[in-house]
Amino acid sequence: MPYRARMDPLRYLRGYPPHVLTQVQALIDAGKLGETLRKRYDHAGHAVRDDKALFAYVVAIKDRYMRKADPLNKVIYDNKLHVVSQALGTHTAISRVQGGRLKAAREIRIATVFRDAPEPFLEMIAVHELAHLKHREHDKGFYQLCAHMSRGYHQLEFDLRLYLTAQETESAGAR
1 MPYRARMDPL
11 RYLRGYPPHV
21 LTQVQALIDA
31 GKLGETLRKR
41 YDHAGHAVRD
51 DKALFAYVVA
61 IKDRYMRKAD
71 PLNKVIYDNK
81 LHVVSQALGT
91 HTAISRVQGG
101 RLKAAREIRI
111 ATVFRDAPEP
121 FLEMIAVHEL
131 AHLKHREHDK
141 GFYQLCAHMS
151 RGYHQLEFDL
161 RLYLTAQETE
171 SAGAR
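Residue numbering for the sequence shown follows full-length UniProt numbering, starting at 1 and increasing by one per position.
Next comes the structure, spelled out in structure tokens:
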């Protein structure tokens, strides 16, 4: 694990108020953060194990909430995405000339950590990346769309940050 990661165990929670960080640190110190999340999400596994199933899963969400958005050409798990240095997921529009027209191939890549994460976290990241089809920036409209597509989106985003923190602190403690 990089030295920087050991220096800031709450790096996924930057920007949250100090009282929240204090509560999270207390759970970490007591060794209960992972246990607390497992109780909440243990039952929430999923069968979206490969790229084909992931594509179907994300397209189903898109078709339910964003029928008029451009179609997706590819949705895959990407083991090259690193949670902190890059992102949990990415969305791209690759432009290609096809005949005399310019075509955009829309792709979503989701970090492989979500293959084993509870299903609500996979849904949250899928919704997040789909919202970028309509809103490039993380603005008010972006988060309103996320909340429309996923009930409890903001809580899931926070819990995902806790989940990543717990995974990291538990793996550091196992060394």
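Cβ coordinates follow ideal geometry from the N, Cα and C atoms, glycine included.
Using a Cβ-Cβ cut-off of 6 Å (strictly less than) and excluding sequence neighbours within five positions of residue i, which residues of its own chain qualify?
i	result
leucine 33	Leu27, Ala166
valine 127	Cys146, Met149, Ser150
asparagine 79	Thr112
phenylalanine 55	Val75
leucine 44	The amino acid at residue 44 is misidentified as leucine; the sequence shows alanine. Same-chain partners within the cutoff: Pro118, Glu119, Pro120.
Report the rounded CA-to-CA distance for residue i versus residue j, giving the unit in angstroms.
i	j	result
proline 120	alanine 53	16 Å
valine 24	glutamate 168	14 Å
proline 17	threonine 36	20 Å
alanine 47	proline 118	10 Å
alanine 131	phenylalanine 142	6 Å
asparagine 73	glutamate 107	6 Å
arginine 101	aspartate 50	33 Å
valine 75	valine 58	7 Å
alanine 104	leucine 133	12 Å
aspartate 29	alanine 60	40 Å
aspartate 70	glycine 31	45 Å
residue 176	histidine 19	No answer is possible for residue 176: it lies beyond the span of the chain, which begins at 1 and ends at 175.
Classify residue i as buried or exposed, calling it buried when 16 or more other Cβ atoms lie within 10 Å of its own Cβ.
i	result
glutamate 129	buried
arginine 136	exposed
arginine 64	exposed
serine 85	With a pLDDT of 49 at serine 85, under the threshold of 50, the modelled position of that residue is not reliable, and the figure given next carries that caveat. It counts as exposed.
lysine 62	buried
In its own chain, which residues sit with a C-beta less than 7 Å from the C-beta of residue i, not counting the 5 before and 5 after it?
i	result
leucine 21	Leu10, Leu13
leucine 122	His46, Val48, Phe114
lysine 163	It is worth fixing the name first, because residue 163 is tyrosine in this sequence and not lysine. Cβ neighbours of tyrosine 163 beyond the five flanking positions: Leu37, Ala117, Phe121.
leucine 156	Pro120, Phe121, Met124, Ser150
leucine 160	Phe121, Met124
tyrosine 153	Met124, Val127, Cys146, Ala147
Under the DSSP definition of a beta bridge, which residues are partnered with residue i?
i	result
lysine 74	Glu107
Quick one: any contact between the segment 109-116 and the segment 138-147, if contact means 3 or more CB pairs under 8 Å? no
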